[in-house]
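Undergrad: Could you have a look at this structure, given as structure tokens, before my questions?
Numbering (the working numbering), first residue to last: 5 to 168.
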């Protein structure tokens, strides 16, 4: 899997396979999300918003990366690439705005806000490169930066007693 297609594949929740021996009529088991009862409410809110941003941007950017990977050379004139490029850029633009707003919320600790802000800046950089029809190398380099920002933010959220 190329770096382009692996952008933000760091989900905040993962699906578990169905248990073949489980009783299908049994009610689902409630599982608490990881966190700390003493976590800073501002960090919890910001990290929750950031988790949603990661999910949506990963989906739409992943579609773009998958469509681009179908060609030996970048073919931005292909309708599937063109459409997914627009959707991916839109998701990144909206995600960058939400991440920046979450990071700028009242009381969000700098240790949490700073990597969110950097993610927002790098998401903006990636969407500009997509709009300029950048090549794989430049997209991969920026996707790597964005992945590193996501990991740093997730670690900061974990350190603050919550998750992203």
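By construction, the Cβ of each residue, glycine as well, lies at the ideal position given by its N, Cα and C atoms. In this text the structure is predicted, and so the values were computed from the model without any measurement.
In the structure shown, what three-state DSSP assignment does residue 110 receive?
TA: DSSP places residue 110 in coil when its eight states are reduced to three.
Undergrad: State whether the stretch 61–68 contacts the stretch 85–97, with contact taken as three or more CB pairs (one from each stretch) at a distance under 8 Å.
TA: Yes, they touch.
Undergrad: Where do the ends of the alpha helix (DSSP H) carrying residue 172 lie?
TA: Residue numbering for the chain in the displayed model covers 5 to 168; residue 172 lies beyond these limits and cannot be assessed.
Undergrad: Ignore the nearest five residues each way along the sequence and tell me which others in residue 17's own chain have a CB closer than 7 Å to its CB.
TA: Its pLDDT being 42, under 50, residue 17 is placed unreliably by the model, and nothing is read from it.
Undergrad: Ends of the alpha helix (DSSP H) at residue 151?
TA: Looking at the DSSP string, the run of the alpha helix (DSSP H) that includes residue 151 is 140–163.
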